[in-house]
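Visitor: Those letters in the sequence shown? Residues 44 to 145, by the numbering used here. Where is the CB? At the ideal position from N, CA and C, for every residue including glycine. Because the structure is a prediction, the values reported are computed rather than measured.
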Amino acid sequence: MTDTMRDDFLDEHNMRRSDVAEGAIPLGPRGKLCPTAARMPKLSYDCNLEKNAYEFARQCSLGGSSESSRQDQGENFHVAPYNGSPTEVGIRVSEILVQPVY
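(1) When DSSP labels each residue in this structure, what does Pro-69 get in the three-state scheme?
(2) Please work out which residues of its chain come closer than 6 Å, Cβ to Cβ, to Glu-93, disregarding the five sequence neighbours upstream and downstream, and give them in chain order.
(3) What are the residues that DSSP puts in a beta bridge with Leu-105?
(4) From the DSSP output, in three-state form, read off Tyr-145 for me.
(5) Pair every Cβ in the stretch 82–96 with every Cβ in the stretch 125–134, then say whether three or more of these pairs are closer than 8 Å.
(6) Mind checking Ala-64: buried by the 16 CB within 10 Å criterion, or exposed?
(7) Compare the Cα-Cα distances from Asn-91 to each of Leu-76, Arg-82, Gly-74 and Arg-113 and report the closest residue.
(8) What are the partner residues of Leu-92, as DSSP defines its beta bridges?
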């Protein structure tokens with residue numbers, strides 16, 4: 044993972060959080076917007092969390108880690124086939140992760 048990739052992930056994640064915070068995201072098929080957030084701080088990147096996630100991903104568990112192994116930390120994960128160089132896979136996964144989910 045390069046610093047540029049880290050910055051891109053973080054910027055995209057914060058942009059989507061901002062959209063949610065501003066109430067700009069439709070809630071369900073009727074088009075009603077989500078309520079605005081009272082307080083949603085920007086996220087910052089933590090290389091220690093990245094290291095922990097990497098070590099867990101190397102186990103290929105296909106499921107989430109136990110809450111006791113990541114106290115005070117949330118978790119998002121995505122399973123994708125490995126078919127190419129790690130950089131190519133990282134780019135593909137990043138494309139999937141930034142797809143709108145709302």
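Guide: The relevant details are as follows:
(1) strand
(2) none
(3) Answer by DSSP bridge pairing: none, since Leu-105 is not bridged.
(4) Note that Tyr-145 scores a pLDDT of 48, beneath 50, so its modelled location is shaky; the value from the coordinates is reported in the next line. In this structure, Tyr-145 counts as coil in the three-state DSSP scheme.
(5) no
(6) buried
(7) Arg-113
(8) None; Leu-92 has no bridge partner.
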